[in-house]
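In my numbering, the protein residues as written are 555 to 686.
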């Protein structure tokens with residue numbers, strides 16, 4: 555059962571990495587980031603690109619090396635690190651992003667709830683893997 559959840563997590567992470575492709579257009583970065591200096595604009599694009607690559611690679615690890623992650627000490631340590639990472643991401647969902655970004659807005663509230671549940675799921679899967 556743990557292997558199934560790790561594979562589901564891998565698929566979710568791959569999808570999440572692909573979603574990053576649409577960020578510049580969806581969030582209108584060409585217009586919104588114009589007031590920033592060139593270095594800050596380029597850092598937004600570069601950091602988003604490498605975050606997408608990293609998330610995608612973690613997803614591939616979860617899909618392709620499921621048993622190794624579950625049954626090796628290195629896999630358990632990796633899972634502990636990913637548990638910490640996604641747990642912190644969950645905390646940011648509630649304590650860093652302003653509620654004004656989603657409260658009273660149906661689409662944004664739905665996205666907020668979906669991603670909150672996603673971060674809980676990711677954290678839980680990696681916690682169970684590192685404790686197994």
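Every residue, glycine too, gets a C-beta built ideally from N, C-alpha and C. Computed from a predicted model, the values in this text were never measured in an experiment.
Residue i - containing alpha helix (DSSP H), residue span
i           : result
residue 573 : 556-573
residue 633 : 627-649
residue 670 : 660-685
residue 578 : 577-580
residue 588 : Counting along the chain, residue 588 falls outside any alpha helix (DSSP H), and DSSP gives it neither H nor E.
Own chain partners of residue i with C-beta closer than 8 Å, once the 5 adjacent residues on each side are dropped
i           : result
residue 631 : 684
Residues near residue i by beta carbon distance below 6 Å, same chain, minus five either side
i           : result
residue 634 : 684
Same chain, Cβ closer than 7 Å to residue i, neighbours up to 5 away in sequence not counted
i           : result
residue 673 : 640, 643, 644, 647
Evaluate the contact criterion for the region 658-665 versus the region 590-602: three or more CB pairs, one atom per stretch, below 8 Å. no
For the region 611-620 against the region 578-590, do three or more pairs of beta-carbon atoms, one drawn from each stretch, fall closer than 8 Å, so that the two count as touching? no
Does the count of Cβ pairs from the region 555-572 and the region 671-685 closer than 8 Å reach three? yes
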